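There are 2 protein chains.
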Amino acid sequence: MAGVQRGPRERMVFSAAQLIRHDGVGATGMRDVAEHANAPRGSLQHYFPGGKEQLVGEAVAWAGRYAGGRVARFMADLAEPTPSALFAAMVRQWTDEYETAGVLGGCPVAAATVDCAASEATREAAAAAFTTWRGPVAEALTELGVPAERAEPLATLMISSLEGAIIMARAEGDVRPLTTVARELGPLLDAAVPPDDRRGEA
Amino acid sequence: MAGVQRGPRERMVFSAAQLIRHDGVGATGMRDVAEHANAPRGSLQHYFPGGKEQLVGEAVAWAGRYAGGRVARFMADLAEPTPSALFAAMVRQWTDEYETAGVLGGCPVAAATVDCAASEATREAAAAAFTTWRGPVAEALTELGVPAERAEPLATLMISSLEGAIIMARAEGDVRPLTTVARELGPLLDAAVPPDDRRGEA
DNA sequence: ACCTTTCCATGACAGCGGTCATAGTAGCCG
DNA sequence: CGGCTACTATGACCGCTGTCATGGAAAGGT
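Quick note, the sequences are listed as chains X and A, same order. Counting in the numbering used here, the first sequence runs from 952 upward without gaps. Counting in the numbering used here, the second sequence runs from 952 upward without gaps.
Next comes the structure, spelled out in structure tokens:
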């Protein structure tokens, strides 16, 4: 993802997100995070006095911001400005990872949600992350001509389908669910923009 | 769910599925499973010599069979035989649980997929579970008049959206994503059955 | 009665988890 | 230099986990 080498603190948050989305929250240890980030273990308690809960929370928040930010970049690169093309780009981010890395990673936010039972704070962080992801998607949809009252529901549908397809794809070890979802959902998304708006938005 | 009290072995598999979907795979201990099932701890090593991996695998398989079996029951109870009604019933199973239990549980299969990194066997069990779930859904769709070649893809879309919505709903602590997905996806599903088949299937 | 199989009980072990306590280093300000 | 703050290092603690070893109870067949 964004492989820039910022300060140790930022690297640790980033590494935490990486490890969480790969192994799950419970299976990622603090020591692993420090090692993966090439950061001193002693820094953990200095930068994250709130312990693992804080680290996980920041990792999830980071993932939410990242996902939201990607939407803007996708919009800029769209060959044709349609909702289905945006969704296809969102899906392609995941299939591309499979092609290059050979493995299908998961979504840190979903991982945090699945074993959030221990910590209410983590659940709230995940909820916030979904919100900061859904917002830009809904905005993008309205930019693409989707009526305002349908933008939020459709954004929810897009993210839900994507998250579910990621899980199924990981289980099967194949991108099929991802590509299927992109193909099947496309027409519905495009049908949401009124005919007089087709081919014309900024 | 199916609260029948069978033998201790079956109870333990059932309890494992319950705990996994609530806490995640890593966070559910073998001792917890035995206690939750009112089963002796010593039975674990007797019934599941394969250890936790075996228990998790059977719990996931059980969940897959359960989900697949539910589809048939949903079909029998449908007020009107449309794909959207089937999907609504699938979604309602989860919103109902929220109404009664006050908490939103997760899906054991999704939970197993998320932290399956440690065990390839678990990943395969999850894949198998998704297959034994998707099969009945696709069959039901064809029974409802969906052309054969679209049944499987649409089943994948339905399950993906449902799984994703479950996760978002858990994070937000609200059923909104579930109801939204059901409402938004309904028209697409019904549109898949050709006009000359509307109102007529067995 | 006796023995075999199935099932249950319990305690021990080794490993790893997060967290705390303590102490050391680097840099900057006076 | 002294003192202060930011950061790093390391080791110890306690709790928990899955697993194993050993031994005890039923049960049922002969």
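For each residue, glycine too, the CB sits at the ideal point set by N, CA and C. Because the structure is a prediction, the values reported are computed rather than measured.
inquiry  = Can you give me the C-alpha to C-alpha distance between ASP1047 (chain A) and ASN989 (chain X), rounded to a whole angstrom?
reply    = 47 Å
ask   = Is PRO991 (chain X) helix, strand or coil when you go by DSSP?
value = coil
message = What would DSSP say about GLU1031 (chain A), mapped onto helix, strand or coil?
response = Correct three-state label for GLU1031 (chain A): coil.
query = Skipping 5 residues on each side, what residues in its chain have a beta carbon closer than 8 Å to that of LEU1006 (chain X)?
reply = Cβ within range, chain order: MET963, VAL964, ALA967, MET981, VAL984, LEU995, PHE999.
key: Host alpha helix (DSSP H) of ASP974 (chain A) (start-end)   = 959-974
Uninterrupted beta strand (DSSP E) stretches inside the region 1050-1088 of chain X (no shorter than 3 residues) = Contiguous beta strand (DSSP E) elements confined to the region 1050-1088 of chain X do not occur, taking only those with 3 or more residues.
task = Can you grab the Cα-Cα spacing for the pair ASP974 (chain X) / GLY1124 (chain A), in whole Å?
result = Their backbone Cα atoms lie some 24 Å apart in a straight line.
message = Contact criterion: CB-CB distance below 8 Å. Does THR1046 (chain X) meet it with respect to chain A?
response = no
query = Run through DSSP, which three-state label would GLY977 (chain X) get?
reply = Shown here, GLY977 (chain X) sits in coil according to DSSP, grouped into three states, outside any helix or strand.
ask   = Using a Cβ-Cβ cut-off of 6 Å (strictly less than) and excluding sequence neighbours within five positions of THR1093 (chain X), which residues of its own chain qualify?
value = The beta carbon of THR1093 (chain X) is closer than 6 Å to those of ALA1099, ALA1102 in its chain, skipping five residues each way along the sequence.
query = GLY1057 (chain A): buried (16+ other C-beta within 10 angstroms of its C-beta) or exposed?
reply = buried
query = Does the beta carbon of ALA941 (chain A) come closer than 8 Å to any beta carbon on chain X?
reply = Here chain A comprises residues numbered 952 to 1153, so residue 941 (chain A) is not present and cannot be evaluated.
Range of the contiguous alpha helix (DSSP H) that encloses VAL1126 (chain X) = It is not in any alpha helix (DSSP H) - VAL1126 (chain X) carries neither H nor E in the DSSP assignment.
ask   = Just to confirm, does SER1070 (chain A) get its C-beta within under 7 Å of one of the non-hydrogen atoms of the ligand SAM?
value = Ligands in the displayed structure: none, and consequently the ligand SAM is not present.
task = For SER1070 (chain A), decide whether its Cβ has a neighbour in chain X, counting only Cβ atoms nearer than 8 Å.
result = no
ask   = Do the region 1076-1090 of chain X and the region 1081-1095 of chain A make contact, defined as three or more Cβ pairs closer than 8 Å?
value = no
key: Spatial neighbours of ARG992 (chain X) in its chain, beta-carbon cut-off 7 Å, leaving aside the 5 residues before and after   = Excluding sequence positions up to five before and after ARG992 (chain X), its CB lies within less than 7 Å of the CB of ARG982, ALA985, all in the same chain and listed in chain order.
ask   = Would MET981 (chain X) count as contacting chain A if we go by Cβ distances under 8 Å?
value = no
Exposure of VAL1054 (chain A), with buried meaning 16 or more beta-carbon neighbours within 10 Å = exposed
query = Roughly how many angstroms lie between the CA atoms of ALA1069 (chain X) and VAL976 (chain X), to the nearest whole one?
reply = Taking the straight line from one Cα to the other gives about 11 Å.
request  = Compute the beta-carbon to beta-carbon distance between PHE1038 (chain X) and LEU1140 (chain X), rounded to the nearest angstrom, for a pair I have assumed lies under 8 Å.
outcome  = Contact between PHE1038 (chain X) and LEU1140 (chain X) holds: CB atoms are separated by about 6 Å, below the 8 Å threshold.
request  = Work out the CA separation of LEU970 (chain X) and GLN1044 (chain A) for me, nearest whole Å.
outcome  = 33 Å
request  = Give a yes or no on whether the minimum CB-CB distance between PHE1081 (chain X) and chain A is below 8 Å.
outcome  = yes
Three-state class that DSSP yields for GLY1096 (chain A) in the structure shown = coil
Proximity to ARG1121 (chain A) [Cα-Cα], best of X:VAL1060, X:THR1033, X:ALA1010, X:ARG972 = X:VAL1060
request  = Select from the region 967-1001 of chain A all residues with a C-beta closer than 8 Å to any C-beta belonging to chain X, and list them in chain order.
outcome  = Of all residues in the region 967-1001 of chain A, the ones placed with a Cβ closer than 8 Å to any Cβ belonging to chain X are HIS973, ASP974, GLY975, VAL976, GLY977, ALA978, in chain order.
key: Residues near ALA1012 (chain X) in its chain [Cβ-Cβ closer than 7 Å; skip 5 each side]   = ALA1076, ALA1079, ALA1080
Buried or exposed (CB count within 10 angstroms, at least 16 for buried), ALA1018 (chain A) = buried
message = For ALA1010 (chain X), which residues in the same chain have their Cβ closer than 7 Å to its Cβ, ignoring the five residues on either side in sequence?
response = VAL964, ALA967, ALA968, ILE971, PRO1059
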